[in-house]
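Participant: Once you've had a glance at the structure underneath, I'll fire off some questions.
Number of protein chains: 2
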Amino acid sequence: MSKTKAAFIGLGNMGYPMAGHLAKADFDVTVYNRTVKKADDWVKEYAGEHGGSSAETPAKAADGADIVLTCVGNDDDLRAIMLGEDGVLAGTGKGALVIDHTTASAIVAREIAEQAAAKGIGFLDAPVSGGQEGAQKGQLTVMVGGSEEDFAKGEAAMQSFAKAVTHMGPVGSGQLTKMVNQITCASAIQALAEGMNFAVKSGLDAHQVVDVISKGAAQSWQMENRGKTMVDGKFDFGFACDWMRKDLDICLDEARANGAQLPLTALVESFYARIQNQGGGRLDNSALFKLLNDA
Amino acid sequence: MSKTKAAFIGLGNMGYPMAGHLAKADFDVTVYNRTVKKADDWVKEYAGEHGGSSAETPAKAADGADIVLTCVGNDDDLRAIMLGEDGVLAGTGKGALVIDHTTASAIVAREIAEQAAAKGIGFLDAPVSGGQEGAQKGQLTVMVGGSEEDFAKGEAAMQSFAKAVTHMGPVGSGQLTKMVNQITCASAIQALAEGMNFAVKSGLDAHQVVDVISKGAAQSWQMENRGKTMVDGKFDFGFACDWMRKDLDICLDEARANGAQLPLTALVESFYARIQNQGGGRLDNSALFKLLNDA
């Protein structure tokens, strides 16, 4: 049986290993990246053993592919890479499927789905969680919006880099689910930061406090993975404040449309803006602690 | 070997089963409760098999006890039961130990410790987490402030109803640790409520969203135990909004003294005040969701 032809557009921290897992899962992968060096590195790392090549434009990468996967930075990048003159939809053939893994707005997902449908191309919005580590280990969680038929067609490709791939509903539902994730994370990190700041100011051993209270109702992934690191001032890893603010801005925009109330989320978004103003946008999103402790 | 004589003051949802575990662990327990009926019930339930009796005042219950444990409602109750004419310190003998399990302020803990010390009585502040279920199962987490010597003396009694008993530092440290717990919980519940409200308003299946996102960075005890129940409108169980507001007020008072910044905590405290104004003070503290969805 010949390999399924796939394209992967966007070899950032997430896309690079995701495209690698796809190649290892026996897809014939053509990659595209804005910075050519990254695409060359990828081909060097994977093409020897698993096959694969790079293309000069998204359109050329998508040409002839059965499945085109994308993972870029934000709504603007996504529109450019999808709808531009040399973009994905210009190169993708009728009957093929486009899967977008960018965390973006539901609005842009629906916009791209509509333009894809007009050309007979399927579309899934499929943001991921699990971070760079999850991408490297092939253990991402993928939240998918689109038709049943397109989901069935794209599931195997997504399984190559995931521990769970779930169909959440029509186009946009993947993005909306990811927004719930980010809304819940952001304020939980600030909650943790306030608790840890209070512990330090009270003269408690904050590490010991984490050990004790993470056994009960205060337990969370954030507490277990960021409680001690924030107290120790370690922020040079993880998920950047820049990205979290971008994601929260998408949530706040969507909430204006759907009527959800996000009082804490709005406040935490403003704290990320302060961190950016202080030059800390690249720090891990647990740098909310720094803001409380420095100010 | 004769049994260690203990007194237990305050047979509420927490104290009643805690005193029961103490009796089962072979302490000779005398109880006191403001509502006599509860004390009679307790004696009926435990005294047959394990021994134990009730007394007419805290002072009488404490008379002759090696260890006196208390668990009441708030700072005012605690001062009354400890420092009143017929209070614990009036009856407790020199060399005995008083352990308070109320969630109260660090200020009142230090105040009581000082008055106890003047009479040659030891004192530990030892608030618990784990809720009524934890108390019934003898699986509480106990956070303890006081001297090493008093901690050593009181540890066995506390182990009778706990899965973990940790010495956090000098008097007040137990209360301060519990405050970190409540600060972290309260805003995490509101974060979850905002996420779930957003999910509902977006037309997503909120139960499915919980299943998907509770595998990653948004995971928390609150999400696993309150995510679906809040969406289903179940609030007639758990930890009351009245109690959470009381605890947050203690945290905000303490923060004014120690300089910690608690912007989210202050906001969430105001939401609990709104719930109380609407007559929902007895609802579980996840009723924050109701506030977002009803308003």
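Protein sequences, first through last, are from chains A and B.
The first sequence runs contiguously to residue 301 in this note's numbering.
The second sequence runs contiguously to residue 301 in this note's numbering.
Quick reminder that beta carbons are idealized off the backbone N, C-alpha and C, glycines included.
Keep in mind that this is a model prediction, so the values were computed, not measured.
Name the residue from B:Asn231, B:Val37, B:Gln267 and B:Val150 whose alpha carbon lies nearest to the alpha carbon of alanine 53 of chain B.
Facilitator: Here the closest residue by C-alpha is B:Val37.
Participant: How about the stretch 105-123 of chain B and the stretch 51-71 of chain B: do they share at least three Cβ pairs that are nearer than 8 Å?
Facilitator: Result no; under three Cβ-Cβ pairs closer than 8 Å.
Participant: Closest Cβ-Cβ distance between asparagine 187 of chain B and chain A: below 9 Å?
Facilitator: So, interface residue.
Participant: Please list, in chain order, the residues of the stretch 129-160 of chain A that have any C-beta partner in chain B closer than 7 Å.
Facilitator: Hits within the stretch, in order: Ser135, Gly136, Thr147 and Met149.
Participant: Mind checking whether isoleucine 118 of chain B and valine 104 of chain B have CB atoms under 9 Å apart?
Facilitator: It is a contact, given that the beta carbons lie within the stated cut-off.
Participant: Suppose the cutoff is 6 Å on Cβ atoms and the five residues either side in sequence are ignored; what does the same chain contact list for threonine 10 of chain B look like?
Facilitator: Excluding residues within five positions, the ones whose Cβ falls inside 6 Å are Phe33 and Asp72.
Participant: To the nearest angstrom, how far is it from the Cα of isoleucine 219 of chain B to the Cα of cysteine 257 of chain A?
Facilitator: When rounded, the distance between both Cα atoms is 16 Å.
Participant: Across which residues does DSSP place histidine 173 of chain A in a beta bridge pair?
Facilitator: The partner list for histidine 173 of chain A (beta bridge, DSSP) reads A:Val150.
Participant: Would you verify that the beta carbon of lysine 221 of chain A is, or is not, closer than 9 Å to some beta carbon of chain B?
Facilitator: Taking Cβ atoms only, chain B reaches closer than 9 Å to lysine 221 of chain A, which makes this a yes.
Participant: Identify which residue in B:Gly137, B:Ile127, B:Phe167 and B:Arg232 has its Cα closest to the Cα of serine 153 of chain B.
Facilitator: Comparing Cα positions, the closest option is B:Ile127.
Participant: Looking at the secondary structure, which residues open and close the alpha helix (DSSP H) in which valine 49 of chain A lies?
Facilitator: Element bounds for valine 49 of chain A: 42-56.
Participant: Taking CB distances under 9 Å as the criterion, tell me whether serine 59 of chain B reaches chain A.
Facilitator: It does not: the Cβ of serine 59 of chain B has no partner Cβ on chain A nearer than 9 Å.
Participant: Specify, as a first and last residue, the run of the beta strand (DSSP E) that lysine 11 of chain B falls within.
Facilitator: Lysine 11 of chain B -> beta strand (DSSP E) spans 11-15.
Participant: Looking at glycine 201 of chain B and glycine 168 of chain B, is the spacing between their C-beta atoms short of 9 Å?
Facilitator: Glycine is not the amino acid found at residue 168 of chain B; the sequence shown has alanine there. For alanine 168 of chain B and glycine 201 of chain B, no; Cβs fall outside 9 Å.
Participant: What is the residue span of the alpha helix (DSSP H) that phenylalanine 204 of chain B lies within?
Facilitator: Start and end: 179-207.
Participant: If I follow the unbroken alpha helix (DSSP H) through leucine 268 of chain B, where does it start and stop?
Facilitator: No alpha helix (DSSP H) holds leucine 268 of chain B; DSSP gives it neither H nor E.
Participant: So for threonine 60 of chain B, helix, strand or coil by DSSP?
Facilitator: Here residue 60 of chain B is serine; the residue named in the question, threonine, does not match the sequence. Note: serine 60 of chain B maps to strand in three-state DSSP.
Participant: By DSSP, does phenylalanine 157 of chain B sit in helix, in strand, or in coil?
Facilitator: In this structure, phenylalanine 157 of chain B counts as helix in the three-state DSSP scheme.
Participant: Using a Cβ-Cβ cut-off of 9 Å, state whether threonine 172 of chain B counts as contacting chain A.
Facilitator: At least one chain A Cβ lies under 9 Å of threonine 172 of chain B.
Participant: Could you pull out every residue in the same chain whose Cβ sits closer than 7 Å to the Cβ of phenylalanine 241 of chain A, ignoring the five residues on either side in sequence?
Facilitator: Within the same chain, phenylalanine 241 of chain A has close Cβ partners Leu289, Asp290, Ser292, Ala293 and Lys296.
Participant: Specify the secondary structure class of threonine 235 of chain A as computed by DSSP and reduced to three states.
Facilitator: In this structure, threonine 235 of chain A counts as helix in the three-state DSSP scheme.
Participant: Thinking C-beta only, is alanine 192 of chain B closer than 9 Å to leucine 254 of chain B?
Facilitator: Yes, the Cβ-Cβ distance between leucine 254 of chain B and alanine 192 of chain B is below 9 Å.
Participant: Please classify leucine 289 of chain A: does DSSP put it in a helix, a strand, or coil?
Facilitator: Coil.
Participant: Quick check: what's the CA-CA separation for glutamine 196 of chain A versus serine 226 of chain A?
Facilitator: So the alpha carbons of these two residues sit roughly 13 Å apart.
Participant: Give me the Cβ distance between alanine 115 of chain B and glutamine 181 of chain B, rounded to the nearest whole Å; I'm assuming they're in contact under 8 Å.
Facilitator: 5 Å between Cβ atoms; contact.
Participant: Kindly list, in the order they appear in chain A, the residues whose Cβ is closer than 7 Å to that of asparagine 264 of chain B.
Facilitator: In chain order: Lys207 and Ser208.
Participant: Let me make sure I understand the geometry here. Which of B:Leu270, B:Gly222 and B:Tyr278 has the alpha-carbon closest to that of cysteine 247 of chain B?
Facilitator: Comparing Cα positions, the closest option is B:Tyr278.
Participant: Nearest by alpha-carbon distance to valine 215 of chain A: which of B:Met185, B:Val94 and B:Asn231 is it?
Facilitator: For valine 215 of chain A, the nearest C-alpha among the options comes from B:Met185.
Participant: Could you name the residues of chain A that glycine 180 of chain B contacts, counting a contact when the two beta carbons are closer than 9 Å?
Facilitator: Chain A residues near glycine 180 of chain B: none, gap ~10 Å exceeds 9 Å.
Participant: Hey, could you find the ends of the beta strand (DSSP E) aspartate 82 of chain A is sitting in?
Facilitator: First-last for aspartate 82 of chain A: 81-89, but that is the alpha helix (DSSP H), not the beta strand (DSSP E).
Participant: Excluding the five sequence neighbours on either side, which residues of its own chain have a C-beta within less than 7 Å of the C-beta of glycine 175 of chain B, listed in chain order?
Facilitator: Gly151.
Participant: Can you name, in chain order, every residue of its own chain whose Cβ lies under 7 Å from the Cβ of histidine 27 of chain A, other than the five neighbours on each side?
Facilitator: These residues qualify, in order along the chain: Gly144, Ser166 and Phe167.
Participant: Quick check on valine 78 of chain A: does DSSP put it in helix, strand or coil?
Facilitator: Valine 78 of chain A falls in the coil class under three-state DSSP.
Participant: Mind listing the chain A neighbours of glutamate 200 of chain B? Cutoff is C-beta to C-beta under 8 Å, in chain order.
Facilitator: What glutamate 200 of chain B touches in chain A: Ile189, Thr190, Ser193, Ala266, Gln267, Leu268, Pro269, Leu270 and Thr271.
Participant: Please name the residue, chosen from B:Asn80, B:Val42 and B:Gln282, that lies closest to leucine 17 of chain B on a Cα-to-Cα basis.
Facilitator: It is B:Val42 whose Cα lies nearest to the Cα of leucine 17 of chain B.
Participant: Considering only the beta carbon of each residue, do alanine 122 of chain B and leucine 84 of chain B sit closer than 9 Å?
Facilitator: Contact flag unset, no.
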